[in-house]
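Have a look at the structure below before the remarks.
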Amino acid sequence: MENITVNYLHRAEIWLCLATVIYFFINGAQIFETLVLVPKWTASPPKSLKILSDGHGMSLKTFWILFHSIHEIVFIMAIIFCWKIDPVRNWLILLFVIHLLVRIWTLSYFAPNIIDFQRMADQQFVTEAVAARISRWQLLNYIRVAVFIAVSIGFIPLCIKLFSIRI
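The numbering of the sequence shown is numbering that gives the first Met the number 0, which starts it at 0 and goes up by one.
Here it is in structure tokens:
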């Protein structure tokens, strides 16, 4: 931890705290969506899928794109500004890799499936295979949200470590 100034440390604290707060905010939204909205749209497909349809129900697409984009920029800034602080940097990189893997999973599995589910809202019935897909999506979503929560909790010891550094 050479060449660390008070100003550098202060900026690292700001960016890490911002990343932590935004992550917890996003997790709050994910928990709300998982516990309140997902059970509603999975309750009795295809009728309940109308909740997902743009123009007929709620679309959270803009919210998620905006907040994940902001958070990932802030997350990267936290890594940049904590770069000279080895233990914090190394754990931040690990948390970012886990976060990135779950985001890739989200974009490759969850998003395409929910788009398909939106398209099924006007159907008269869904097959057992589609019902199983919806059920599997819901179960895997619990796992995804749990991993995101675990990553955000991983920020807490990093904040404590960073704020305990004295120059």
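Yeah, the Cβ is synthetic: ideal placement off N, Cα and C, and Gly gets one too. As the structure is a computational prediction, the values presented were derived from the model and not from experiment.
Proximity of arginine 143 and asparagine 112 at Cβ, strictly below 8 Å: The criterion of a C-beta distance shorter than 8 Å is not satisfied by arginine 143 and asparagine 112.
Reference lysine 46, options Trp136, Leu157 and Asp121, closest by Cα: Ranking the options by Cα distance to lysine 46, first place goes to Asp121.
Inter-residue spacing [alpha-carbon to alpha-carbon] between valine 129 and leucine 93: Rounded to whole angstroms, valine 129 to leucine 93 spans 36 Å at the Cα level.
Any 3 or more C-beta pairs closer than 8 Å across the segment 145-153 and the segment 68-75: Counting Cβ pairs under 8 Å, fewer than three are found: no touch.
Check whether lysine 3 and isoleucine 159 have beta carbons under 8 Å apart: Correcting the residue type first, residue 3 is isoleucine in the shown sequence and not lysine. The beta carbons of isoleucine 3 and isoleucine 159 sit no closer together than 8 Å.
For histidine 9 and tryptophan 82, the rounded distance between their alpha carbons: Computed Cα separation, rounded: 13 Å.
Buried or exposed by the 16-neighbour rule on C-beta atoms within 10 Å, applied to isoleucine 50: Buried.
Boundaries of the alpha helix (DSSP H) in which glycine 47 is found, first to last residue: This sequence places serine at residue 47; glycine is not what is there. Boundaries cannot be given for serine 47, as no alpha helix (DSSP H) includes it and DSSP labels it neither H nor E.
Exposure label - asparagine 89; buried when at least 16 CB within 10 Å: So asparagine 89 counts as exposed.
Among Phe162, Val146 and Gln123, the one whose alpha carbon lies nearest that of glutamine 29: The residue among Phe162, Val146 and Gln123 with its C-alpha nearest the C-alpha of glutamine 29 is Val146.
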